[in-house]
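So the structure is just underneath, and the comments pick up after that.
Number of protein chains: 6
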Amino acid sequence: MNGVSGLIEYDAASAEVRAVYDDIMATRKVDRVNNFWKVLANHPPTLQQVWAEVKAVMTPGALDPLTKEMIYVAVSATNGCEYCTHSHTAGARAKGMTEEMLGELLAVTALANKTNRLANGYRVPVDEMFRNT
Amino acid sequence: MNGVSGLIEYDAASAEVRAVYDDIMATRKVDRVNNFWKVLANHPPTLQQVWAEVKAVMTPGALDPLTKEMIYVAVSATNGCEYCTHSHTAGARAKGMTEEMLGELLAVTALANKTNRLANGYRVPVDEMFRNT
Amino acid sequence: MNGVSGLIEYDAASAEVRAVYDDIMATRKVDRVNNFWKVLANHPPTLQQVWAEVKAVMTPGALDPLTKEMIYVAVSATNGCEYCTHSHTAGARAKGMTEEMLGELLAVTALANKTNRLANGYRVPVDEMFRNT
Amino acid sequence: MNGVSGLIEYDAASAEVRAVYDDIMATRKVDRVNNFWKVLANHPPTLQQVWAEVKAVMTPGALDPLTKEMIYVAVSATNGCEYCTHSHTAGARAKGMTEEMLGELLAVTALANKTNRLANGYRVPVDEMFRNT
Amino acid sequence: MNGVSGLIEYDAASAEVRAVYDDIMATRKVDRVNNFWKVLANHPPTLQQVWAEVKAVMTPGALDPLTKEMIYVAVSATNGCEYCTHSHTAGARAKGMTEEMLGELLAVTALANKTNRLANGYRVPVDEMFRNT
Amino acid sequence: MNGVSGLIEYDAASAEVRAVYDDIMATRKVDRVNNFWKVLANHPPTLQQVWAEVKAVMTPGALDPLTKEMIYVAVSATNGCEYCTHSHTAGARAKGMTEEMLGELLAVTALANKTNRLANGYRVPVDEMFRNT
Numbered sequence: 002m003n004g005v006s007g008l009i010e011y012d013a014a015s016a017e018v019r020a021v022y023d024d025i026m027a028t029r030k031v032d033r034v035n036n037f038w039k040v041l042a043n044h045p046p047t048l049q050q051v052w053a054e055v056k057a058v059m060t061p062g063a064l065d066p067l068t069k070e071m072i073y074v075a076v077s078a079t080n081g082c083e084y085c086t087h088s089h090t091a092g093a094r095a096k097g098m099t100e101e102m103l104g105e106l107l108a109v110t111a112l113a114n115k116t117n118r119l120a121n122g123y124r125v126p127v128d129e130m131f132r133n134t
Numbered sequence: 002m003n004g005v006s007g008l009i010e011y012d013a014a015s016a017e018v019r020a021v022y023d024d025i026m027a028t029r030k031v032d033r034v035n036n037f038w039k040v041l042a043n044h045p046p047t048l049q050q051v052w053a054e055v056k057a058v059m060t061p062g063a064l065d066p067l068t069k070e071m072i073y074v075a076v077s078a079t080n081g082c083e084y085c086t087h088s089h090t091a092g093a094r095a096k097g098m099t100e101e102m103l104g105e106l107l108a109v110t111a112l113a114n115k116t117n118r119l120a121n122g123y124r125v126p127v128d129e130m131f132r133n134t
Numbered sequence: 002m003n004g005v006s007g008l009i010e011y012d013a014a015s016a017e018v019r020a021v022y023d024d025i026m027a028t029r030k031v032d033r034v035n036n037f038w039k040v041l042a043n044h045p046p047t048l049q050q051v052w053a054e055v056k057a058v059m060t061p062g063a064l065d066p067l068t069k070e071m072i073y074v075a076v077s078a079t080n081g082c083e084y085c086t087h088s089h090t091a092g093a094r095a096k097g098m099t100e101e102m103l104g105e106l107l108a109v110t111a112l113a114n115k116t117n118r119l120a121n122g123y124r125v126p127v128d129e130m131f132r133n134t
Numbered sequence: 002m003n004g005v006s007g008l009i010e011y012d013a014a015s016a017e018v019r020a021v022y023d024d025i026m027a028t029r030k031v032d033r034v035n036n037f038w039k040v041l042a043n044h045p046p047t048l049q050q051v052w053a054e055v056k057a058v059m060t061p062g063a064l065d066p067l068t069k070e071m072i073y074v075a076v077s078a079t080n081g082c083e084y085c086t087h088s089h090t091a092g093a094r095a096k097g098m099t100e101e102m103l104g105e106l107l108a109v110t111a112l113a114n115k116t117n118r119l120a121n122g123y124r125v126p127v128d129e130m131f132r133n134t
Numbered sequence: 002m003n004g005v006s007g008l009i010e011y012d013a014a015s016a017e018v019r020a021v022y023d024d025i026m027a028t029r030k031v032d033r034v035n036n037f038w039k040v041l042a043n044h045p046p047t048l049q050q051v052w053a054e055v056k057a058v059m060t061p062g063a064l065d066p067l068t069k070e071m072i073y074v075a076v077s078a079t080n081g082c083e084y085c086t087h088s089h090t091a092g093a094r095a096k097g098m099t100e101e102m103l104g105e106l107l108a109v110t111a112l113a114n115k116t117n118r119l120a121n122g123y124r125v126p127v128d129e130m131f132r133n134t
Numbered sequence: 002m003n004g005v006s007g008l009i010e011y012d013a014a015s016a017e018v019r020a021v022y023d024d025i026m027a028t029r030k031v032d033r034v035n036n037f038w039k040v041l042a043n044h045p046p047t048l049q050q051v052w053a054e055v056k057a058v059m060t061p062g063a064l065d066p067l068t069k070e071m072i073y074v075a076v077s078a079t080n081g082c083e084y085c086t087h088s089h090t091a092g093a094r095a096k097g098m099t100e101e102m103l104g105e106l107l108a109v110t111a112l113a114n115k116t117n118r119l120a121n122g123y124r125v126p127v128d129e130m131f132r133n134t
């Protein structure tokens with residue numbers, strides 16, 4: 002199941018790529034990086050930019066990391082992205098998501114996808130009260 | 002800005018439709034129903050089924066109602082559904098979502114939509130460790 | 002509500018564009034063409050190709066025209082295309098679709114969009130029996 | 002090819018899950034349930050709700066079951082859902098869909114996905130006559 | 002990994018299907034056709050129509066073939082189509098796309114998918130100056 | 002046509018927001034910023050991050066700015082994003098895109114959306130030769 006571009010392993014990586022790998026491992030307290038980063042390493046500017054963004058966006062803020070991870074799963078399931086669904090569901094579980102929470106998360110995701118199409122199919126006019134938020 | 006089917010107002014509604022409208026207003030403690038329900042009333046089985054599902058799924062459970070509403074917004078923004086984005090953002094704000102929380106919610110949604118396409122474009126192979134969850 | 006490219010009216014159209022407009026009006030037994038064609042006329046090869054394809058694909062075959070029109074609505078609602086949802090719902094109604102049929106059509110469309118995400122979110126493995134069709 | 006959550010087989014299922022499995026098998030006159038239901042069983046409320054909805058929506062009504070199944074395929078192909086495309090194409094074939102009917106179904110689905118983007122890319126303004134349906 | 006319909010090999014193909022296969026091989030100067038065409042051969046009108054369209058649209062015009070192929074990859078990655086992402090990335094590479102060009106192509110695709118959702122989530126009103134193009 | 006969050010004009014903006022607005026105007030040599038940025042200003046970290054990314058990604062590199070802008074349009078039309086379709090089509094025209102180039106760009110976008118669904122609907126197995134790129 003080869004991808005479009007090869008995986009760049011640590012040993013074969015340039016100094017700038019290794020620096021990102023090192024930061025990922027240090028930040029996440031793990032001893033390896035997952036395939037997503039090994040593929041992005043084929044284009045170092047993307048590797049650096051995406052990691053910096055993930056690090057900034059997924060950090061605790063007005064929303065906690067688990068809520069953010071669950072939002073990530075909802076979007077990935079909506080888009081049908083196999084890789085992201087697997088990796089972020091694993092990430093959410095590592096942050097404490099139970100099977101019941103996953104069940105509710107996917108039930109909301111499924112319901113939203115359903116009512117999105119009812120609203121689109123019937124072309125429901127937006128209520129004035131929603132526009133003045 | 003007419004929709005595909007007309008809005009069925011309370012006064013013109015059948016008894017079965019009024020029963021749903023009454024339950025929506027009683028459950029939400031409001032004195033009117035929004036356009037989404039007035040349009041679904043053109044097909045009473047859909048009106049009844051969707052309301053029952055919304056009521057069951059969006060209730061407090063393993064996830065709190067605000068988290069559920071924010072997941073709804075993330076999906077609706079991903080799908081580009083104008084109606085649902087307006088109505089559920091209003092719903093999330095009514096449940097306490099601040100502008101900063103919305104900012105983070107959309108930042109995660111945007112990032113997920115971005116990395117979903119990097120994973121899809123490079124066809125990144127799923128790591129074995131993610132499959133054994 | 003200007004579009005990206007202007008509408009090319011019959012009087013201002015070239016001979017090759019008029020030939021397509023004439024065929025659309027003759028085939029559909031109407032005395033005007035709708036905006037979709039007037040915009041495609043900005044790129045005559047697209048106008049000719051799309052009209053030829055619509056004419057060939059939407060004609061009676063193993064599936065009847067109303068069924069085809071309803072499939073068109075299901076796809077357009079799924080993609081959230083405002084123009085196509087309006088035009089093909091009108092087309093389906095002109096071919097006999099009742100409000101109840103529209104209700105069922107959108108109920109199936111909504112359900113499919115929902116279960117698509119449950120299957121994607123849980124990454125349900127495909128049953129062997131489905132692969133050997 | 003492990004999914005996100007395990008398959009819950011009949012023997013390991015709770016009484017409430019078995020009741021749904023029994024109803025699926027009795028309704029469809031089959032002696033096993035497919036993986037979709039075995040995965041949903043990880044969240045019994047979803048299993049019960051989805052099965053009840055599928056049973057109600059896919060039943061003969063103003064539209065016949067084969068037409069409904071084909072609409073399901075059109076949506077699933079549009080969304081790129083591998084599981085649902087396989088299972089509902091198998092379902093449509095079991096209800097009488099021939100290879101030629103599938104060919105026309107996918108030709109309409111493909112055409113709709115194409116013209117949806119032409120309408121979106123050119124931002125074609127909706128004709129007034131379509132709004133007054 | 003069986004598909005929904007079987008592959009129709011040259012030896013088993015009808016005369017009309019062989020004529021398309023022959024034209025594909027002659028046009029592309031290759032000695033075999035890829036699976037996409039072998040599957041479309043299950044519905045000859047689709048095979049003929051799609052090949053004619055691909056031939057006409059992907060030919061050099063106001064845009065060069067490599068630019069067209071890269072646009073194809075951007076759309077396929079956005080939709081998450083595994084087959085098309087693989088085949089058109091291979092096609093773009095055959096036309097001269099380097100790893101760095103692919104990196105930039107996917108970086109733009111990813112950014113567009115991200116800002117599309119920010120615009121949709123915030124429902125940004127279109128500037129008047131953009132409407133008067 | 003109010004959006005979800007208000008527009009933050011220059012005079013009402015904080016120093017950090019003004020700094021971004023100033024850089025946008027200086028970089029693009031224009032004397033105002035468009036609504037997208039005025040809305041993102043409701044969440045300054047997103048405003049800063051997105052502008053920095055747009056600046057870095059859309060700059061001349063292995064691909065020229067016009068090609069990048071056209072890829073942006075293809076993705077935005079595929080996703081049905083009204084705002085981005087208008088703004089990036091205007092951007093591409095400002096960089097030299099003619100009506101004929103737009104016609105070909107949208108013809109490729111439309112074709113890709115079509116064949117994506119044929120590949121998905123038939124679940125075409127990926128050719129081995131495409132995997133070994």
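Protein chains in written order, with the numbering used here: chain A, 2 to 134; chain B, 2 to 134; chain C, 2 to 134; chain D, 2 to 134; chain E, 2 to 134; chain F, 2 to 134.
By construction, the Cβ of each residue, glycine as well, lies at the ideal position given by its N, Cα and C atoms.
For the set Glu10/F, Leu41/F, Arg29/F and Ile9/F, the Cα lying nearest the Cα of alanine 95/F is the one of Arg29/F.
Taking valine 34/E as the centre and dropping the five residues before and after it, the same chain places the C-beta of Tyr22, Ile25 and Met26 closer than 7 Å to its C-beta, in chain order. Between alanine 113/C and valine 76/D, the gap from beta carbon to beta carbon is short of 8 Å.
For glutamate 10/E, the three-state secondary structure derived from DSSP is coil. For asparagine 3/D, a Cβ of chain B is located within less than 8 Å of the residue's own Cβ.
Scanning the region 88 to 129 of chain C from its first residue to its last, the whole alpha helix (DSSP H) runs of 4-plus residues come out as 100 to 123.
In terms of Cβ geometry, glycine 104/E and arginine 124/F do not form a close pair [threshold 8 Å]. Residue-level contact by beta carbon holds for histidine 87/C and chain B, with a gap shorter than 8 Å.
The region 66 to 73 of chain F and the region 84 to 93 of chain F touch, with no fewer than 3 CB-CB distances between them shorter than 8 Å. Per DSSP, methionine 71/B is one residue of the alpha helix (DSSP H) stretching across 66 to 80.
Threonine 47/D sits in a helix when the DSSP states are folded into three classes.
With a threshold of 8 Å between beta carbons, threonine 99/E makes no contact with chain A.
For the options Glu101/B, Ala111/B, Gly97/B and Met59/B, the alpha carbon positioned closest to that of glycine 81/B is the one of Ala111/B.
Between glutamate 54/E and the set Val18/C, Thr47/C and Thr60/C, the nearest pair of CA atoms involves Thr47/C. If you draw a straight line from the Cα of glycine 7/F to the Cα of glutamate 100/B, it comes to about 11 Å. Note that the C-beta distance between tyrosine 84/E and valine 109/F is not below 8 Å. Boundaries of the alpha helix (DSSP H) harbouring methionine 26/B: 16 to 29, taken from the DSSP string. Counting along the chain, the unbroken alpha helix (DSSP H) around asparagine 36/C starts and ends at 36 to 41. For the region 24 to 48 of chain B, residues whose beta-carbon sits nearer than 8 Å to a beta-carbon of chain C comprise Asn43, His44, Pro46 and Thr47. For the region 58 to 86 of chain B, residues whose beta-carbon sits nearer than 8 Å to a beta-carbon of chain A comprise Val58, Met59, Gly62, Ala63, Leu64, Thr68, Lys69, Met71, Ile72, Tyr73, Ala75, Val76, Ser77, Thr79, Asn80, Cys82, Glu83, Tyr84 and Cys85. Excluding five sequence positions before and after alanine 78/E, the CB atoms of its chain that fall closer than 8 Å to its own CB belong to Thr86, Leu107 and Thr110, given in chain order. The straight-line gap separating the alpha-carbon atoms of methionine 130/F and aspartate 32/E is approximately 13 Å. Residue-level contact check: glutamate 54/F touches chain A, since one or more beta carbons of chain A fall below 8 Å from its beta carbon. Across the region 111 to 130 of chain F, CB contacts with chain D closer than 8 Å involve Ala111, Leu112, Asn114, Lys115, Thr116, Asn117, Arg118, Leu119, Asn121, Gly122, Tyr123 and Arg124, in sequence order along the chain. Taking 8 Å as the CB threshold, serine 6/E lines the interface with chain D. The beta carbon of lysine 56/C sits closer than 7 Å to those of Thr28, all from its chain and outside the five residues before and after it, given in chain order.
Assigned with DSSP and collapsed to three states, alanine 63/E falls in coil, not helix or strand. Here alanine 14/D has Tyr22 and Ala42 as same chain residues with Cβ atoms under 8 Å from its own Cβ, once five neighbours each way along the sequence are excluded. Remark: C-beta atoms of methionine 59/A and leucine 64/B do not approach each other more closely than 8 Å.
DSSP, read as helix, strand or coil, puts arginine 33/A in coil. Contact of arginine 132/F with chain A is assigned, a C-beta pair being separated by under 8 Å. Counting of Cβ neighbours within 10 angstroms places glycine 97/B among the exposed residues, the total staying below 16. A direct Cα-to-Cα measurement between alanine 16/C and valine 40/C gives close to 16 Å.
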